[in-house]
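**Student:** Okay, here's the structure, questions in a sec.
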Amino acid sequence: GPVLLQTYRSIGDYQKNSKYELSVGTGDILEVVEKSENGWWFCQGDGKRGWLPAAYLEPMDGPDEIEEQEPNYEGEVYTVVKGYESVQEDELSLGEGDTVEVIHKLLDGWWVIRRDEVTGYFPSMYLQKAGAKP
Amino acid sequence: SIHQPPMNPPPRPPAEQRRKQA
Chain A
1 GPVLLQTYRS
11 IGDYQKNSKY
21 ELSVGTGDIL
31 EVVEKSENGW
41 WFCQGDGKRG
51 WLPAAYLEPM
61 DGPDEIEEQE
71 PNYEGEVYTV
81 VKGYESVQED
91 ELSLGEGDTV
101 EVIHKLLDGW
111 WVIRRDEVTG
121 YFPSMYLQKA
131 GAKP
Chain B
135 SIHQPPMNPP
145 PRPPAEQRRK
155 QA
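Respectively, the protein sequence lines represent chains A and B.
All the letters of the first sequence, read from the start, carry residue numbers 1 to 134 under the working numbering.
All the letters of the second sequence, read from the start, carry residue numbers 135 to 156 under the working numbering.
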């Protein structure tokens, strides 16, 4: 049968940085085709298709549609596969090869992680589950 | 391929949503 795609509304203006992304304005309606764990969602709307940051999208079906995982305060061990320098004060700066504990996997691709008792946000794109093959 | 997500981390949530999360 037909695949029913979830409908989302853009909550901000987003200007694309590559041809594979979409530019949207606040209030634009989009269908989400694929949700990547790194926070980029493949969307279609108004005859266009491309990637959008999940952080700019809210579900039309209402906020009771819970997809977000619960935090895991014990932490799940991940390895940093690409270094990142914090831009905002609630982010962590880490180098390639560092080991961290993932506390909360947020859909927007910015996960809450802990290292040396310090907690902050880090791009999930630069993390890999410890022991996993790339 | 177009079906590969961008190589850079997506931007953080716009300010309005960050307030809602807090």
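Ideal Cβ positions, reconstructed from N, Cα and C, are used throughout, including at glycine.
Here the structure is a predicted model, which means the values were calculated and not measured.
#1: With A:Thr79 as the anchor, note down where its beta strand (DSSP E) starts and where it stops.
#2: Do the segment 75 to 94 of chain A and the segment 109 to 123 of chain A make contact, defined as three or more Cβ pairs closer than 8 Å?
#3: By a C-beta neighbour count over all protein chains shown, 10 Å radius and 16 as the cutoff for buried, is A:Val112 buried or exposed?
#4: Tell me which same chain residues have a C-beta within less than 8 Å of the C-beta of A:Gln15, skipping the five on either side of it?
#5: Nearest CA to the CA of A:Arg115: which residue from A:Tyr78, A:Tyr8, A:Tyr56, A:Leu106?
#6: Applying a beta-carbon distance threshold of less than 7 Å, which residues of chain B neighbour A:Pro53?
#7: How long is the line joining the alpha carbons of A:Tyr56 and B:Pro144, rounded to whole angstroms?
#8: What's the C-alpha gap between A:Val33 and A:Thr7?
#9: Mind listing the chain B neighbours of A:Trp40? Cutoff is C-beta to C-beta under 8 Å, in chain order.
#10: Ends of the beta strand (DSSP E) at A:Lys35?
**Tutor:** From the atom records:
#1: For this step, residue 79 of chain A is matched to residue 79 along the first sequence. Element bounds for A:Thr79: 76 to 80.
#2: yes
#3: As a position in the first sequence, residue 112 of chain A is number 112, starting the count at 1. A:Val112 should be labelled buried.
#4: As a position in the first sequence, residue 15 of chain A is number 15, starting the count at 1. If you ignore the 5 residues before and after A:Gln15, its C-beta comes within less than 8 Å of the C-beta of Ser23, all in its own chain and listed in chain order.
#5: Mapped onto the first sequence, residue 115 of chain A falls at position 115. Nearest option by C-alpha distance: A:Tyr78.
#6: The residue given as residue 53 of chain A occupies position 53 in the first sequence. Residues of chain B passing the Cβ test: Pro144, Pro145.
#7: In the first sequence, counting from the first residue as 1, residue 56 of chain A sits at position 56. In the second sequence, counting from the first residue as 1, residue 144 of chain B sits at position 10. Cα-Cα distance, rounded: 10 Å.
#8: Counted from its first residue, the first sequence places residue 33 of chain A at position 33. Counted from its first residue, the first sequence places residue 7 of chain A at position 7. Roughly 10 Å separates the two Cα atoms.
#9: Locating residue 40 of chain A in the first sequence gives position 40, where the first residue counts as 1. The contacting residues are Pro139, Pro140, Pro144.
#10: Mapped onto the first sequence, residue 35 of chain A falls at position 35. Here the beta strand (DSSP E) through A:Lys35 covers 29 to 35.
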